[in-house]
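Enquirer: In our numbering, the protein residues as written are 1 to 230. All C-beta atoms in this analysis are idealised placements derived from N, C-alpha and C, irrespective of residue type, glycine included. Got a structure here, written out as structure tokens. Questions coming.
Right under this line is the structure:
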């Protein structure tokens with residue numbers, strides 16, 4: 001973990017320092033988390049390789065475009081990386097609408113709807129975990145456009161690697177419905193996300209940092225698995 005004095009100017013404030021000191025005291029838990037992430041990610045990639053192959057063929061047969069969707073996101077200390085997902089939208093979807101996906105978004109492909117419903121589109125992020133860009137549990141990675149809107153306090157959420165799942169992800173699994181509620185009142189998608197959704201999700205992300213432990217990560221993973229089965 002970097003020294004606080006070595007972090008760039010975005011992190012040099014008392015709000016971030018408060019969470020940095022909490023995390024810094026949990027070096028052993030962070031080490032266990034890192035080792036666990038790498039071992040489990042490798043195991044699952046090998047175990048699920050036939051599933052990856054099946055989904056890859058399914059996507060290619062369904063619509064034109066690449067198998068994987070890769071987008072620049074932000075992880076620990078503000079570093080950008082390319083996130084892996086199975087493509088669930090039509091080719092060049094980013095150029096056809098908002099960076100936020102809405103309910104019944106016309107850009108979503110037929111196969112994409114099924115993959116999203118079961119959260120299977122997130123499976124390739126096992127590659128990101130193995131590369132060290134992500135963790136199983138942590139703040140969901142945002143695009144730079146939204147990170148640039150962070151308050152001083154929100155930057156604390158970047159003290160740890162981005163995660164595949166989190167309490168915020170579970171609580172906001174129907175995020176698209178919440179967004180449509182506000183867009184129907186005349187707000188833009190970006191305005192809703194930045195002003196309404198992001199601040200609420202960040203409360204969960206910061207609470208996670210404050211109460212971080214390896215055992216809490218395991219509980220969040222189990223809860224996520226149960227939510228997907230519902």
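Hey, out of 62, 83, 66, 68, whose CA is closest to residue 74's CA?
Expert: Answer by Cα proximity: 83.
Enquirer: Nearest-angstrom Cα distance between residue 207 and residue 33?
Expert: Using only the alpha carbons, I get a separation of about 18 Å.
Enquirer: Looking at C-beta atoms only, is the number of pairs between the stretch 22 to 30 and the stretch 117 to 126 that lie closer than 8 Å three or more?
Expert: The stretch 22 to 30 vs the stretch 117 to 126: no contact.
Enquirer: Within 10 angstroms of its Cβ, does residue 131 collect 16 or more other Cβ (buried), or is it exposed?
Expert: Counting Cβ neighbours within 10 Å, residue 131 comes out exposed, since fewer than 16 surround it.
Enquirer: Is the beta carbon of residue 194 sitting closer than 8 Å to the one on residue 155?
Expert: Taking 8 Å as the Cβ cut-off, residue 194 and residue 155 do not qualify as a contacting pair.
Enquirer: In the DSSP output, what is residue 228 paired with across the bridge?
Expert: Per DSSP, none; premise fails for residue 228.
Enquirer: Check each candidate in 220, 129, 212, 226 and name the one with the smallest Cα separation from residue 29.
Expert: Minimum Cα distance to residue 29 is reached at 212.
Enquirer: With DSSP run on the structure shown, which of helix, strand or coil describes residue 81?
Expert: Note: residue 81 maps to strand in three-state DSSP.
Enquirer: Over what stretch of residues does the beta strand (DSSP E) that includes residue 165 continue unbroken?
Expert: First-last of the beta strand (DSSP E) with residue 165: 162 to 165.
Enquirer: In terms of DSSP beta bridges, what is residue 5 paired with?
Expert: Its beta-bridge partners do not exist; DSSP assigns none.
Enquirer: Is the separation between the beta-carbon of residue 78 and that of residue 8 shorter than 8 Å?
Expert: Contact flag set, yes.
Enquirer: From this set, 114, 88, 118, 117, which residue's C-alpha is nearest residue 107's C-alpha?
Expert: Answer by Cα proximity: 88.
Enquirer: Do residue 67 and residue 54 have their CB atoms nearer than 8 Å?
Expert: No, Cβ-Cβ distance for residue 67 and residue 54 is not below 8 Å.
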